[in-house]
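Enquirer:
Numbering (UniProt numbering), first residue to last: 1 to 454.
Next up, the structure:
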């Protein structure tokens with residue numbers, strides 16, 4: 001292992017597993033961790049200016065690793081992940097959407113989060129919402145939000161989440177925390193420390209967004225390159241259920257719909273940006289896409305019965321009694337009882353059950369000497385494991401490194417060769433086909449007979 005094996009988060013950055021949660025920055029007692037943007041990798045990562053401190057003072061303590069969601073996390077102890085066939089603790093499951101058409105249409109899917117935030121802010125039960133907001137360009141950072149109009153729709157590229165813990169430490173009151181599963185895990189690990197346990201009282205409730213994967217910024221650069229558009233900003237969702245890619249540079253704007261591509265360029269661009277095997281490596285190893293540590297979990301209800309819906313429907317996992325109380329009070333939202341099986345149908349086994357993360361443990365990746373041990377069950381035979389295909393491995397081992405080197409055209413050519421069947425499928429059958437159906441498995445749409453759309 002390079003640098004400092006297992007004495008610090010260097011084991012995470014050396015193996016390209018960082019997901020930019022920033023918890024290590026706050027836990028270091030010697031202030032020896034800084035979060036910086038690695039332009040080559042296209043993501044925010046911790047840097048240790050004085051590596052000898054980790055050897056001399058922290059050997060055996062590994063405080064920074066103890067709050068890292070990309071390290072060895074025991075989800076059984078942390079959040080009872082072994083319950084309900086590895087779906088974790090669950091009170092109830094729902095689908096639904098906002099009765100306010102404007103909120104529903106302007107949200108990523110369904111409008112649940114905006115309705116929940118509005119209800120809690122209007123009642124004065126919370127002092128704000130800790131959510132990411134847009135700064136400029138590709139930068140989004142957590143802030144305390146009191147106007148739901150400031151909250152963005154989905155963001156699929158790497159951001160620096162470090163400021164979230166700062167907000168909790170420096171702000172009195174109660175806050176609704178909205179974050180990705182890994183970010184909530186890092187905050188849960190951080191606030192479990194005796195020194196910071198009092199911060200739990202400032203979190204009114206935790207809302208996790210079901211996360212497919214997050215892509216580093218080289219994927220965004222690739223999109224700009226393929227469209228010959230010198231963009232400074234990009235957004236992904238809103239205006240219904242579509243995956244609407246909007247690139248802007250001042251007054252110039254370029255927009256296309258990844259679900260309804262008009263030409264081959266848009267088809268290939270979408271594949272390069274959203275392919276299941278080209279995100280951050282730390283995301284590929286993830287086995288918690290459905291927010292084990294949250295009170296409420298939200299995502300898209302990609303279910304057969306909503307196939308024709310073009311506006312947006314949420315799937316909602318209620319994990320705690322507090323979540324149930326909030327749901328009972330939300331009269332502005334149309335709820336329908338759903339099942340635990342619907343979670344897997346709506347998100348696919350590779351997301352809902354972490355099958356890709358389990359399967360990736362069997363693959364040797366050049367330069368990676370550490371594989372995280374994410375413990376979700378006491379029975380090692382229980383997790384469903386996705387067997388990576390040859391083309392999946394080529395994407396991880398060859399195409400992604402090419403994108404890191406900014407060899408975008410060669411990466412695109414190789415991807416076209418691997419996805420030739422998908423390209424022919426597009427050439428002879430334009431989308432939408434029958435109702436709403438995302439092309440080429442960009443999203444985990446599952447029918448009753450097929451849980452893995454890839």
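Every residue gets a Cβ at the ideal spot worked out from N, C-alpha and C, and that includes glycine. What you are looking at is a predicted structure, and each value in this text was computed from that prediction instead of being measured.
Roughly how many angstroms separate the alpha carbons of residue 347 and residue 53, rounded to a whole number?
Expert: The residue you call residue 347 lines up with position 347 of the chain shown. The residue you call residue 53 lines up with position 53 of the chain shown. Rounded to the nearest angstrom, the two C-alpha atoms are 44 Å apart.
Enquirer: So what does DSSP say about residue 372, is it helix, strand or coil?
Expert: Taking the first residue of the chain shown as position 1, residue 372 is located at position 372. Three-state result, residue 372: coil.
Enquirer: DSSP three-state label for residue 385, please.
Expert: For the purposes of this step, residue 385 is identified with residue 385 of the chain shown, where counting begins at 1. Here residue 385 sits in coil by DSSP.
Enquirer: Under the assumption that residue 128 contacts residue 145 (Cβ atoms under 8 Å), give the Cβ distance between them as a whole number of angstroms.
Expert: What you label residue 128 is simply residue 128 of the chain shown in a count that begins at 1. What you label residue 145 is simply residue 145 of the chain shown in a count that begins at 1. The Cβ separation is near 6 Å, so the contact holds.
Enquirer: Here's the rule: buried if 16 or more other CB atoms are within 10 angstroms of the residue's CB, otherwise exposed. What is residue 9?
Expert: For the purposes of this step, residue 9 is taken as the residue at position 9 of the chain shown. The residue is buried, with at least 16 neighbouring Cβ atoms inside 10 Å.
Enquirer: Whole angstroms are fine: how far does the CA of residue 307 sit from the CA of residue 340?
Expert: Here residue 340 refers to the residue found at position 340 when the chain shown is read from its first residue. Here residue 307 refers to the residue found at position 307 when the chain shown is read from its first residue. Their Cα atoms are separated by approximately 19 Å.
Enquirer: Look at residue 270 and residue 245 and say whether their C-beta atoms are less than 9 Å apart.
Expert: As a first step, residue 270 must be located in the chain shown, where it is residue number 270. As a first step, residue 245 must be located in the chain shown, where it is residue number 245. A contact, by the Cβ cut-off of 9 Å.
Enquirer: Where do the ends of the alpha helix (DSSP H) carrying residue 204 lie?
Expert: If you number the chain shown from 1, residue 204 lands on position 204. Note, residue 204: premise wrong, no alpha helix (DSSP H); beta strand (DSSP E) at 203 to 209.
Enquirer: Is the region 257 to 275 touching the region 9 to 25, taking contact as three or more C-beta pairs under 8 Å?
Expert: Touching, no.
Enquirer: With residue 103 and residue 89 assumed to form a contact (beta carbons below 8 Å), what rounded beta-carbon distance in angstroms separates them?
Expert: In the chain shown, the residue the question calls residue 103 occupies position 103. In the chain shown, the residue the question calls residue 89 occupies position 89. With 8 Å as the limit, residue 103 and residue 89 do not qualify as a contact, their Cβ atoms being about 29 Å apart.
Enquirer: Kindly provide the ranges of any alpha helix (DSSP H) runs that are 4 or more residues long and lie completely inside the region 206 to 278, ordered along the chain.
Expert: List check, alpha helix (DSSP H) in window: 217 to 226, 264 to 274.
Enquirer: Applying the 10 Å Cβ sphere with the 16-neighbour rule, what's the burial state of residue 222?
Expert: Working through the chain shown from its first residue, we reach residue 222 at position 222. Under this definition residue 222 is a buried residue.
Enquirer: Beta strand (DSSP E) containing residue 367: first to last residue?
Expert: Along the chain shown, read from residue 1 onward, the residue named residue 367 stands at position 367. Careful: residue 367 lies outside any beta strand (DSSP E) and carries neither H nor E.
Enquirer: When you compare only the Cα positions, how much space is there between residue 415 and residue 49?
Expert: As a first step, residue 415 must be located in the chain shown, where it is residue number 415. As a first step, residue 49 must be located in the chain shown, where it is residue number 49. Approximately 38 Å between the Cα atoms of the pair.
Enquirer: On the criterion of 16 or more Cβ atoms from any shown chain inside 10 Å, does residue 173 qualify as buried, or is it exposed?
Expert: Counting from 1 along the chain shown, the entry for residue 173 is found at position 173. It is exposed - the Cβ of residue 173 has fewer than 16 other Cβ atoms within 10 Å.
Enquirer: Using a 10 Å radius around the Cβ and a threshold of 16 neighbouring Cβ atoms, would you call residue 433 buried or exposed?
Expert: The residue you call residue 433 lines up with position 433 of the chain shown. Confidence is the limiting factor: at residue 433 the pLDDT is only 36, short of 50, which leaves the residue's position unreliable, though a coordinate-based value still follows. By the 10 Å Cβ count, residue 433 comes out exposed.
Enquirer: Measure the Cβ-Cβ separation of residue 315 and residue 338 and say whether it is below 9 Å.
Expert: Here residue 315 refers to the residue found at position 315 of the chain shown. Here residue 338 refers to the residue found at position 338 of the chain shown. In contact: residue 315 and residue 338 (Cβ atoms closer than 9 Å).
Enquirer: For the alpha helix (DSSP H) that contains residue 26, what are its first and last residues?
Expert: Locating residue 26 in the chain shown gives position 26, where the first residue counts as 1. 23 to 27 is the span of the alpha helix (DSSP H), which, as asked, contains residue 26.
Enquirer: Assuming contact is defined by CB atoms lying nearer than 9 Å, are residue 279 and residue 215 in contact in what I supplied?
Expert: Position 279 of the chain shown, counted from the start, is the residue given in the question as residue 279. Position 215 of the chain shown, counted from the start, is the residue given in the question as residue 215. A contact, by the Cβ cut-off of 9 Å.
Enquirer: Quick test of the definition: if touching needs 3 or more C-beta pairs under 8 Å, does the region 350 to 364 touch the region 130 to 148?
Expert: Taking 8 Å as the limit for Cβ pairs, the verdict is that the region 130 to 148 does not touch the region 350 to 364.
Enquirer: Looking at the unbroken alpha helix (DSSP H) that takes in residue 36, where does it start and where does it end?
Expert: The residue labelled residue 36 in the question sits at position 36 within the chain shown. Per DSSP, residue 36 belongs to no alpha helix (DSSP H); it is in the beta strand (DSSP E), 34 to 38.
Enquirer: Residue 206 and residue 177 - do their beta-carbons sit closer together than 9 Å?
Expert: Mapped onto the chain shown, residue 177 falls at position 177. Mapped onto the chain shown, residue 206 falls at position 206. Cβ atoms of residue 177 and residue 206: closer than 9 Å.
Enquirer: Which runs of the alpha helix (DSSP H) fall wholly inside the region 304 to 341 and span at least 4 residues, in chain order?
Expert: With a minimum length of 4 residues, the continuous alpha helix (DSSP H) runs that stay inside the region 304 to 341 are 321 to 329.
Enquirer: Use the C-beta contact count for residue 263: other C-beta atoms within 10 angstroms, 16 or more gives buried, fewer gives exposed.
Expert: For the purposes of this step, residue 263 is taken as the residue at position 263 of the chain shown. Burial call: exposed.
Enquirer: Write down every uninterrupted run of the alpha helix (DSSP H) in the region 39 to 103 whose length is 4 residues or greater and which is fully enclosed by it, in chain order.
Expert: Entirely contained in the region 39 to 103, the alpha helix (DSSP H) runs reaching 4 residues are, in chain order, 51 to 57, 63 to 66, 75 to 79.
Enquirer: Which of the three DSSP states, helix, strand or coil, is assigned to residue 411?
Expert: For this step, residue 411 is matched to residue 411 along the chain shown. Residue 411 falls in the helix class under three-state DSSP.
Enquirer: Going by alpha carbons, who is nearest to residue 344 out of 406, 299, 64?
Expert: As a position in the chain shown, residue 344 is number 344, starting the count at 1. Ranking 406, 299, 64 by Cα distance to residue 344 puts 299 first.
Enquirer: Looking at residue 312: is its Cβ nearer than 9 Å to the Cβ of residue 107?
Expert: The sequence position of residue 312 within the chain shown is 312, counting from 1. The sequence position of residue 107 within the chain shown is 107, counting from 1. Contact flag set, yes.
Enquirer: CA-CA distance, residue 445 and residue 302?
Expert: One-based indexing of the chain shown puts residue 445 at position 445. One-based indexing of the chain shown puts residue 302 at position 302. Residue confidence for residue 445 is low, a pLDDT of 32 falling below 50, so the modelled location carries little weight and cannot support an answer.
Enquirer: Could you name the residues that DSSP lists as bridge partners for residue 178?
Expert: Residue 178 sits at position 178 when you count from the first residue of the chain shown. BP columns for residue 178 point to 207.
Enquirer: Among residues of its own chain, excluding the 5 on either side of residue 35, which ones have a beta-carbon nearer than 8 Å to its beta-carbon?
Expert: The residue you call residue 35 lines up with position 35 of the chain shown. Cβ neighbours of residue 35 beyond the five flanking positions: 20, 22, 25, 44, 45, 46, 47, 160, 162.
Enquirer: Less than 6 Å between C-beta atoms, sequence neighbours within five positions excluded: which residues of the same chain meet that for residue 248?
Expert: The residue you call residue 248 lines up with position 248 of the chain shown. Only 233 meet the Cβ criterion.
Enquirer: Comparing the CB of residue 302 with every heavy atom of the ligand GDP, is any distance shorter than 8 Å?
Expert: As for the ligand GDP, it is missing from this structure, which has no ligand bound.
Enquirer: Do the CB positions of residue 171 and residue 202 come within less than 9 Å of each other?
Expert: Here residue 171 is taken as the residue at index 171 of the chain shown, counted from 1. Here residue 202 is taken as the residue at index 202 of the chain shown, counted from 1. Yes, the pair counts as a contact, with Cβ atoms nearer than the cut-off.
Enquirer: Compute the Euclidean distance between the alpha carbons of residue 259 and residue 93, then round it to the nearest angstrom.
Expert: Taking the chain shown and counting its residues from 1, the one referred to as residue 259 is at position 259. Taking the chain shown and counting its residues from 1, the one referred to as residue 93 is at position 93. Each residue's alpha carbon lies about 27 Å from the other.
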